[in-house]
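Shown next, in structure tokens, is the structure this report addresses.
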DNA sequence: TCCATTGTCATAGTGTACTATTACAATATA
DNA sequence: TATATTGTAATAGTACACTATGACAATGGA
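Protein chains in written order, with the numbering used here: chain P, 23 to 151; chain F, 23 to 151.
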């Protein structure tokens with residue numbers, strides 16, 4: 023599924039969205055340890071943003087322990103040991119957010135099943151394969 | 023839960039975060055129809071941002087049909103939530119809600135895939151088949 | 001060695017989020 | 001009528017997200 027969905031008009035900065043999608047790929051295992059990420063220049067072309075913005079994201083994600091970059095070689099996913107801790111904190115945020123979503127759905131008499139159905143459609147439309 | 027969690031270092035604009043938390047309160051019923059929202063000045067103090075930023079958020083949320091503001095009086099949750107009523111039936115309502123959920127997820131750096139995974143677990147635990 | 005590829009950095013320009021400050025308009029109350 | 005409170009608006013300054021461009025450093029292969 024290696025395509026991207028960046029929304030330049032959502033108010034959320036591009037580098038935040040890109041970072042999220044990269045980390046998501048790593049955590050889900052789509053990009054396993056040792057996997058070489060797209061080059062900064064290639065990714066910049068793919069998602070149609072500037073090289074500097076991609077570089078900024080890579081640096082940040084490296085700071086968080088998910089990847090390691092090497093000049094002249096490329097950028098690679100680190101072993102799981104390195105980012106498990108970061109992933110844990112992220113998981114807790116996720117739980118909290120999911121709980122809120124459920125509360126909101128309940129308040130409107132919307133079941134999680136219904137909601138997820140629509141979200142699935144929404145995601146499929148966003149990334150036309 | 024009437025406190026706020028604005029993260030000024032998350033990269034997500036404050037006005038985006040504040041908008042979502044306000045809408046969330048309205049949808050969950052914590053702020054029912056007719057409820058008077060904090061004054062722009064009070065909210066500015068509470069969340070430690072500028073009055074103009076709060077005012078910008080209120081204007082936006084009013085545009086979306088959730089609240090109505092009156093000079094000299096205050097800002098109130100609308101009695102008929104127009105974003106719901108204007109929607110033609112339950113399908114539209116669902117779409118609107120799902121869209122909001124996606125916006126909120128984006129703003130928190132959470133992908134729909136991750137969210138749905140957690141929601142699925144949550145549902146399975148609720149009603150073990 | 002030469003050359004292409006990798007990530008990084010510096011500079012400069014544009015747009016916007018956020019701030020502080022001040023002033024104004026509409027409303028409620030004494 | 002005064003006074004306080006409400007939301008709104010104008011101005012100006014700071015910070016940063018994003019861009020384009022060009023140059024540099026490390027790596028690897030011909």
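Ideal placement from N, C-alpha and C gives every residue a C-beta, glycine not left out.
Computed from a prediction, not measured in an experiment: that's the story for all the values here.
Kindly indicate if chain F contains any beta-carbon less than 8 angstroms away from that of residue i.
| i | result |
| --- | --- |
| residue 32 of chain P | yes |
| residue 124 of chain P | yes |
| residue 88 of chain P | no |
| residue 109 of chain P | no |
| residue 134 of chain P | yes |
| residue 103 of chain P | no |
| residue 115 of chain P | yes |
| residue 119 of chain P | yes |
| residue 92 of chain P | no |
| residue 40 of chain P | no |
Can you tell me whether residue i is buried or exposed, with buried defined as 16 or more other CB within 10 angstroms of its CB?
| i | result |
| --- | --- |
| residue 147 of chain P | exposed |
| residue 124 of chain F | buried |
| residue 133 of chain F | buried |
| residue 131 of chain F | buried |
| residue 64 of chain F | exposed |
| residue 67 of chain F | exposed |
Quick check: does the Cβ of residue i come within less than 7 angstroms of any heavy atom belonging to the ligand HEM?
| i | result |
| --- | --- |
| residue 143 of chain F | In the structure shown, the ligand HEM is absent, as is every other ligand, since no ligand is present at all. |
For chain P, is any of its Cβ atoms less than 8 angstroms away from the one on residue i?
| i | result |
| --- | --- |
| residue 36 of chain F | no |
| residue 100 of chain F | no |
| residue 131 of chain F | yes |
| residue 25 of chain F | no |
**Request:** Could you tell me whether the region 77–94 of chain P touches the region 79–94 of chain F, using the rule of 3 or more Cβ pairs below 8 angstroms?
**Result:** no
**Request:** Give, in chain order, every residue of the region 42–55 of chain F whose Cβ lies closer than 8 angstroms to some Cβ of chain P.
**Result:** 46, 49, 50, 51
**Prompt:** Unbroken alpha helix (DSSP H) runs of length 4 or more, entirely within the region 53–124 of chain F: which are they?
**Reply:** 62–69, 73–85, 104–107
**Prompt:** Which residues, taken in chain order from the region 136–147 of chain P, show a beta carbon closer than 9 angstroms to some beta carbon of chain F?
**Reply:** Residues of the region 136–147 of chain P with a C-beta less than 9 angstroms from any C-beta of chain F: 136, 137, 138, 139, 140, 141, 142, 143, 144, 145, listed in chain order.
**Message:** Does the region 96–112 of chain P come into contact with the region 48–66 of chain P, if we say contact requires no fewer than three beta-carbon pairs (one atom in each stretch) closer than 8 angstroms?
**Reply:** yes
**Asked** Is the region 100–111 of chain P touching the region 66–79 of chain P, taking contact as three or more C-beta pairs under 8 angstroms?
**Response** With the cut-off at 8 angstroms, the region 100–111 of chain P and the region 66–79 of chain P do not touch.
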